[in-house]
Amino acid sequence: MISKVTPLLRVEALKKYFPVRRGFLQQVGGCVRAVDGVDLEIQPKQTLGLVGESGCGKSTVARLIMRLLTPDGGTVRFDGREITVLNERAFKPLRKQIQMIFQDPYSSLNPRMTVAQTISDGVRMAGIKGKSDQRKRIRQLLEMVGMPVASAGRYPHEFSGGQRQRVGIARALSVSPQLILCDEPISALDVSIQAQIINLLKDLQAELGLSYLFISHDLNVVSYICDHVCVMYRGRIVESAPASDLFDHPCHPYTLRLLAAVPETTEVGWSPQVGAGSQRAPLPDGCAFGDQCPDCHDDCVIEPPAMVRVGGQHYVRCWNATRRQCSAADPEGRH
Numbered sequence: 001m002i003s004k005v006t007p008l009l010r011v012e013a014l015k016k017y018f019p020v021r022r023g024f025l026q027q028v029g030g031c032v033r034a035v036d037g038v039d040l041e042i043q044p045k046q047t048l049g050l051v052g053e054s055g056c057g058k059s060t061v062a063r064l065i066m067r068l069l070t071p072d073g074g075t076v077r078f079d080g081r082e083i084t085v086l087n088e089r090a091f092k093p094l095r096k097q098i099q100m101i102f103q104d105p106y107s108s109l110n111p112r113m114t115v116a117q118t119i120s121d122g123v124r125m126a127g128i129k130g131k132s133d134q135r136k137r138i139r140q141l142l143e144m145v146g147m148p149v150a151s152a153g154r155y156p157h158e159f160s161g162g163q164r165q166r167v168g169i170a171r172a173l174s175v176s177p178q179l180i181l182c183d184e185p186i187s188a189l190d191v192s193i194q195a196q197i198i199n200l201l202k203d204l205q206a207e208l209g210l211s212y213l214f215i216s217h218d219l220n221v222v223s224y225i226c227d228h229v230c231v232m233y234r235g236r237i238v239e240s241a242p243a244s245d246l247f248d249h250p251c252h253p254y255t256l257r258l259l260a261a262v263p264e265t266t267e268v269g270w271s272p273q274v275g276a277g278s279q280r281a282p283l284p285d286g287c288a289f290g291d292q293c294p295d296c297h298d299d300c301v302i303e304p305p306a307m308v309r310v311g312g313q314h315y316v317r318c319w320n321a322t323r324r325q326c327s328a329a330d331p332e333g334r335h
C-alpha cells in the first residue's frame, strides 16, 4: 500500500492505544486499539479520503498526524521528514505546513475573538509583520473563502454554520499550508451548504495546490472530491484504492456493506445481512470483521489477514479477496 514515489505525507504502522481502567482503584484492565497499524500516504495536490463508521479511529489518525496526540508506535513522514521524533520546538515550524479543519464550526472558533483576530494569529505566523499588510492579507483570505470583508470585525455567534466553517477554512489557509486535514468538515452543516463547502475546497485545491486528508461518512461526497480512498474498520485500513476502483470494484465485505447502505447505490455485488454478525462473538485472534462477515471461515478465525494487492493500487485486507468480484490477487503484493 506504500508506493515507491515520495509522497507529501506517509504514515506507516501508526498505532494509538487507550487504556481501559476498571474498579475502584482504576487499574488498567486492557486497552482500546483506536489506531492499530495504519498505513496511508497522500500525494502532492491530491485528496485522500478516509471513511468508516463512527469510532473506527479516523479522527484519531488526524490528531496523531497533527501531533495533538502522541502515537504509541509507527512513523509519520511529512515531505520526507520524520516528524514523530521531533519535540514541540522542532515541530512548531511544520505546523504552518499542516493545518486542520474541524468538524464542528460552532466550537472550533473562539467566541471572544473577532474573525480578524482569529485569522491574524496565522497571518503573523506566516511572517507578515506590518498592520496594513496583515489587514490586506485578512481581506484577501476572506474573499478567497467567499466571506464579505465587513465580516472581519464580527464575532462567531453572528454567523451561520456554513459561514463559520468558511472562517475556519480561512484560518487554516492563513499560514499557507501544503496539507489540510479535513475532519468531517461538512457533517454539521445543512445539505445545501455542504455542496458549497465541498466546491470551495475543490476550488482552493486547484488554485493553491493543496493536499487534503478528507475524513467523512458521506460516500457520495468522498467519490466526488477524493482521488484515493482508504476504508477503516476497528483501527485498521481494510481496503485502499483509487476512488474510481473502490466504487466500481469494491472488494472487502465491510466496504460492500458501507456502499450497500448508501440509498443511491443499487448493485454492489453483495447484500448485507442484518444481524449476520450478532450471533458470533468477536474474534480475538483473527479478522477484525470476522464476527460480522457472512463469508467467515477457519482462516479468518485463526489469523488476521494481510494486505493483498488485487490489481494496480487496489489493496484489500481479506482472506476471501481472490474469490470476490475484483481483480485477481497478486500473491507478491502483500504488505
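Mapping of the sequence shown onto the working numbering: position 175 corresponds to residue 175, and the numbering continues sequentially without gaps.
A virtual CB, placed ideally from N, CA and C, is assigned to each residue, including glycine.
Rounded to the nearest angstrom, how far is the Cβ of residue i from that of residue j, given a contact under 8 Å?
{"i": "V222", "j": "G49", "result": "4 Å"}
{"i": "L259", "j": "L200", "result": "Rounded, the Cβ-Cβ distance is 27 Å, inconsistent with contact."}
{"i": "D227", "j": "T47", "result": "5 Å"}
{"i": "P305", "j": "C293", "result": "Actually they are not in contact, since the Cβ atoms of P305 and C293 sit about 11 Å apart, beyond 8 Å."}
{"i": "E239", "j": "R166", "result": "E239 to R166, Cβ: 33 Å. No contact."}
{"i": "V51", "j": "V231", "result": "6 Å"}
DSSP on residue i, reduced to helix/strand/coil?
{"i": "K16", "result": "strand"}
{"i": "F78", "result": "strand"}
{"i": "Y224", "result": "helix"}
{"i": "D133", "result": "helix"}
{"i": "H314", "result": "strand"}
{"i": "L50", "result": "strand"}
{"i": "L179", "result": "strand"}
{"i": "I186", "result": "coil"}
{"i": "I119", "result": "helix"}
{"i": "I83", "result": "coil"}
{"i": "F214", "result": "strand"}
{"i": "L9", "result": "strand"}
{"i": "R67", "result": "coil"}
Along the chain, where does the beta strand (DSSP E) containing residue i start, and where does it finish?
{"i": "A241", "result": "R236 to P242"}
{"i": "T255", "result": "It is not in any beta strand (DSSP E) - T255 instead sits in the alpha helix (DSSP H) that spans P253 to A260."}
{"i": "M113", "result": "Segment: none, M113 is in no beta strand (DSSP E) and carries neither H nor E."}
{"i": "E41", "result": "Q27 to I42"}
{"i": "Q403", "result": "The first residue shown for the chain is 1 and the last is 335, placing residue 403 beyond what the model contains."}
Starting from residue i and walking both ways along the alpha helix (DSSP H), at which residues does that stretch end?
{"i": "D299", "result": "D298 to I302"}
{"i": "V145", "result": "Neither: V145 is in no alpha helix (DSSP H) and is coded neither H nor E."}
{"i": "L173", "result": "G161 to L173"}
Within 10 angstroms of the Cβ of residue i, are there 16 or more other Cβ atoms? Answer buried if so, exposed if not.
{"i": "T118", "result": "buried"}
{"i": "D203", "result": "exposed"}
{"i": "K16", "result": "buried"}
{"i": "N320", "result": "buried"}
{"i": "V229", "result": "buried"}
Flag residue i as yes when its Cβ comes closer than 7 Å to any non-hydrogen atom of the ligand HEM, and as no otherwise.
{"i": "K129", "result": "In terms of ligand content, the structure shown is empty, and the ligand HEM therefore cannot be addressed."}
Open item on the list: Does the stretch 96-111 come into contact with the stretch 32-43, if we say contact requires no fewer than three beta-carbon pairs (one atom in each stretch) closer than 8 Å?
Closed with: The answer is no - the stretch 32-43 does not touch the stretch 96-111, with fewer than three Cβ pairs under 8 Å.
- [ ] Kindly confirm or deny that the stretch 200-217 and the stretch 55-74 touch, where touching means at least three C-beta pairs closer than 8 Å.
- [x] Using a Cβ-Cβ distance cut-off of 8 Å, the stretch 200-217 and the stretch 55-74 are in contact, since at least three pairs of beta carbons, one from each stretch, lie closer than that value.
Task: Contact between the stretch 88-98 and the stretch 109-117 (3+ Cβ pairs under 8 Å) - done: No, they do not touch.
Open item on the list: I'd like to know if the stretch 173-182 and the stretch 196-212 are in contact, where contact means that at least 3 CB-CB pairs between them fall below 8 Å.
Closed with: Yes, since at least three Cβ pairs between the stretch 173-182 and the stretch 196-212 fall closer than 8 Å, the two stretches touch.
Task: Three-pair Cβ contact test at 8 Å for the stretch 69-88 versus the stretch 10-30 - done: Counting C-beta pairs closer than 8 Å gives three or more between the stretch 69-88 and the stretch 10-30, which meets the contact rule.
Open item on the list: When you compare the stretch 24-31 with the stretch 182-198, are there three or more beta-carbon pairs, one atom per stretch, that lie closer than 8 Å?
Closed with: Not touching, per the Cβ criterion.
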